[in-house]
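Here is the structure we will look at.
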Amino acid sequence: MGKGKRRRNARGHFCWCCGRHRPNERFGGRGHRDHVCRDCQRLPAEELSFRQVVRNMERRVDGDGRIRRKARPRLDPFLKHSMRRVREHAEKLLRQDAEVRAELREAYRREEEALERVLQEEERLREEGSGEEAPIQANCWADLPF
Ligand SMILES: [Zn+2]
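Mapping of the sequence shown onto the numbering used here: position 60 corresponds to residue 71, and the numbering continues sequentially without gaps.
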């Protein structure tokens, strides 16, 4: 799916509805102007408007499934949309956004922990290698709660 690639070539059009690049003969009349192929033009009006709304919603979502903070309020109207499918889709996108963000946070936390371990290990090796026992002892005493 050449998403975002709006090639203007003689060989066809991009149908926003099914997300396919299709040859000219798959479009006709209004279809050319509306960028809807013949197959999609035959869909029930409700299905067409659902897809249009979904397309508007998914414009707010990035490749990772995240919705930028600024774009999130734009999804609010869809949560109150008259079509149940639209409401459910908006909820799904928000859920997915929350999941991706949680995963990224977790990955970041693990990375921080791993880095911390490396730094501690380096510190330990440096202290072992230097053979200076005294300052470490002093530090240990300093930590005791009395
Ligand atoms: Zn189509």
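All C-beta atoms in this analysis are idealised placements derived from N, C-alpha and C, irrespective of residue type, glycine included.
These figures come from a predicted structure and were not determined experimentally.
Residue environment, residue i, which counts as buried when at least 16 other CB atoms sit within 10 Å
i: Arg-71; result: buried
i: Leu-86; result: buried
i: Asp-73; result: exposed
i: Leu-136; result: exposed
i: Asp-104; result: The question names Asp, but residue 104 is Leu in the sequence shown. Buried is the call here.
i: Gly-140; result: exposed
i: Gly-39; result: exposed
i: Gly-42; result: buried
i: Asp-108; result: buried
i: Gly-13; result: No answer about Gly-13 holds up, because its pLDDT of 46 lies below 50 and its placement is not dependable.
Coarse secondary structure for residue i, derived from DSSP in three states
i: Lys-14; result: Residue placement at Lys-14 is flagged as unreliable, the pLDDT there being 47, under the threshold of 50; the coordinate-derived value follows with that caveat. It is coil, neither helix nor strand.
Limits of the unbroken alpha helix (DSSP H) element including residue i
i: Pro-88; result: 87 to 90
Endpoints, beta strand (DSSP E) assigned at residue i
i: Cys-26; result: 24 to 26
Are there three or more Cβ pairs, one per stretch, closer than 8 Å when the segment 61 to 69 is compared with the segment 94 to 105?
-> Touching, per the Cβ criterion.
Please confirm if the segment 25 to 32 is in contact with the segment 42 to 51, defined as three or more CB-CB distances below 8 Å between the two stretches.
-> They touch, by the three-pair rule.
Enumerated in chain order, which unbroken segments of the alpha helix (DSSP H) with a length of 4 residues or greater are wholly contained in the segment 30 to 72?
-> Entirely contained in the segment 30 to 72, the alpha helix (DSSP H) runs reaching 4 residues are, in chain order, 41 to 45, 49 to 52, 56 to 69.
Of all the beta strand (DSSP E) runs that stay within the bounds of the segment 73 to 141, which reach a length of 3 or more residues?
-> Entirely contained in the segment 73 to 141, not one beta strand (DSSP E) run reaches 3 residues.
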